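Chemist:
Numbering (the numbering used here), first residue to last: 5 to 83.
The structure is reproduced here in structure tokens:
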């Protein structure tokens, strides 16, 4: 698989990751690695406890999807 962004620029570069949102093949220069927190809510019977686990989930994302997600986060934070 080739990097889609590089191919659009006329460059032949192998993809090393796939965007988890749109499925685009990405090279090292166009892939962004993010770590997702793993959270849970445990009901102990006398109340709930929200916990965050120590290990994160890695994901790769392209610049376009990263921008779209960040703009959504910015809008939510304004409220």
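All C-beta atoms, glycine included, are put in the ideal place defined by N, C-alpha and C. The structure displayed is predicted, hence computed values, not measured ones.
Please list the terminal residues of the continuous alpha helix (DSSP H) segment that includes residue 12.
Modeler: Residue 12 -> alpha helix (DSSP H) spans 8 to 12.
Chemist: Apart from the five residues just before and just after residue 63, which ones in its own chain have a Cβ nearer than 7 angstroms to its Cβ?
Modeler: Counting only Cβ-Cβ distances below 7 angstroms, and skipping sequence neighbours, we find 24, 38 and 40.
Chemist: Which same chain residues end up closer than 8 angstroms to residue 42 when comparing Cβ atoms and leaving out the 5 residues on each side of it in sequence?
Modeler: Excluding sequence neighbours, residue 42 sits near 56, 57, 59, 60 and 61.
Chemist: Between 14, 69, 44 and 78, which lies nearest to residue 28 when the distance is taken from Cα to Cα?
Modeler: Checking every option, the nearest Cα to that of residue 28 belongs to 69.
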